[in-house]
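Novice:
Residue numbers (the numbering used here): 5 to 351.
#1: Kindly identify the DSSP beta-bridge partner or partners of residue 131.
#2: Using DSSP with H/G/I as helix, E/B as strand and the rest coil, what is residue 81?
#3: Just to confirm before moving on: does the CB-CB distance between residue 340 and residue 275 stay below 8 Å?
#4: Can you name the start and end residues of the alpha helix (DSSP H) that residue 236 belongs to?
#5: If you draw a straight line from the C-alpha of residue 139 to the C-alpha of residue 97, how long is it?
#6: Suppose you measure from the CA of residue 277 to the CA of residue 245; what does that come to, to the nearest Å?
#7: Taking residue 118 as the reference, give the member of 111, 134, 26 and 40 with the closest Cα.
#8: Check whether the region 235-254 and the region 15-29 are in contact - that is, three or more C-beta pairs closer than 8 Å.
#9: For residue 162 versus residue 309, is the C-beta spacing smaller than 8 Å?
#10: Quick one, are the C-beta atoms of residue 100 and residue 83 less than 8 Å apart?
#11: Assuming residue 148 contacts residue 273 (C-beta within less than 8 Å), just tell me the rounded distance between them.
#12: So if DSSP puts residue 303 in a beta bridge, which residue, or which two residues, is it bridged to?
#13: If contact is defined by three or more beta carbon pairs under 8 Å, each pair taking one atom from either stretch, is the region 38-45 in contact with the region 202-221?
#14: So for residue 213, helix, strand or coil by DSSP?
#15: Please determine, among 32, 12 and 9, the residue with the shortest C-alpha to C-alpha distance to residue 229.
#16: Residue 291 to residue 260, Cα distance in whole Å?
#17: How many Å lie between residue 157 and residue 85 at the Cα?
#18: Considering only the beta carbon of each residue, do residue 145 and residue 131 sit closer than 8 Å?
#19: If you count every other CB in all the chains shown that lies within 10 Å of the CB of residue 210, and 16 or more means buried, which is it?
#20: In terms of alpha-carbon separation, which member of 11, 15, 166 and 109 lies closest to residue 71?
#21: Quick one, are the C-beta atoms of residue 44 and residue 55 less than 8 Å apart?
#22: Between which two residues does the alpha helix (DSSP H) harbouring residue 172 extend?
#23: In angstroms with no decimal places, state the Cα-to-Cα distance between residue 266 and residue 104.
#24: So residue 89 is in the alpha helix (DSSP H); what residue range does that whole segment cover?
#25: Please name the residue in 237, 143 and 174 whose C-alpha comes closest to that of residue 66.
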């Protein structure tokens, strides 16, 4: 009953987030329609609907593309094999077989801070663990943590949370194609070319010669309207998504705890692992939490792979926190309730 209720809450929360995402795509499509609509209409069909679909698909694709790459890069994790880490590989293979899923890739982060996370899908996922985790946990505790991460992969949690938080990510400017993909010095050229194309596209609705005072004024006003209205819509729609995403993140952690514990058949092992990790790691500082929506939000415990003692590289940036772990004490309490339920069922 509890499991069904949790699943229903997750489904309802995700549906609300996706509805808000669609609403933003419709707003963007309405703003772009005067500029691009005539071009798309020449291919047939209704330009507004096509624009809305293209907007949503492009934004979500960019979000997924950068999330996996950036998370692995931020963790400084390196793929390992059965030859270099035979015990870890054997554990993952055995647990994946129990979960009836494809064996994911495994990467190890060169960090003394014990933590883990999973990114990708059941078909192309990667589980990342730190050297500190491998050294800190017992065999049973390590199995429980790996099972937790496998459940995240099986449930597509990394992709779901990435998509669920794409509006706040736009507010934070979390992913930048121009910064990450272009060679040095190319950004001004691309921006200039884009501005020229944008200017030319405005000829579809400006009722004056483009290269004239009246045409330039109309172009500037139209561009300002797009930026202003789009920014207001993004801010208004992203606000509820932040709270919904945090709720969704907590719910999916509970599911991964529950199903991971069932996979190994011992909720106490994950309780022990969470207790051990909570005791050996100092909680991150307030500055470190400002980057929580990135790597930290994906990890077993919300402190990433750094101790939080160093300087925060993102100190001057603006970040919107979209992922929120439930308190460790609450996770442990729920796992103990699950253990009691399993014991009563077995009896």
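In this text, a Cβ means the ideal position worked out from N, Cα and C, and glycines have one as well.
These numbers come from a predicted model, not from an experiment.
Specialist: For this structure:
#1: 110 and 122
#2: strand
#3: yes
#4: 217-268
#5: 20 Å
#6: 32 Å
#7: 134
#8: yes
#9: no
#10: no
#11: 4 Å
#12: 121
#13: yes
#14: coil
#15: 32
#16: Residue placement at residue 291 is flagged as unreliable, the pLDDT there being 45, under the threshold of 50; a coordinate-derived value is accordingly withheld.
#17: 19 Å
#18: no
#19: buried
#20: 166
#21: yes
#22: 170-176
#23: 14 Å
#24: Per DSSP, residue 89 belongs to no alpha helix (DSSP H) and is neither H nor E.
#25: 174
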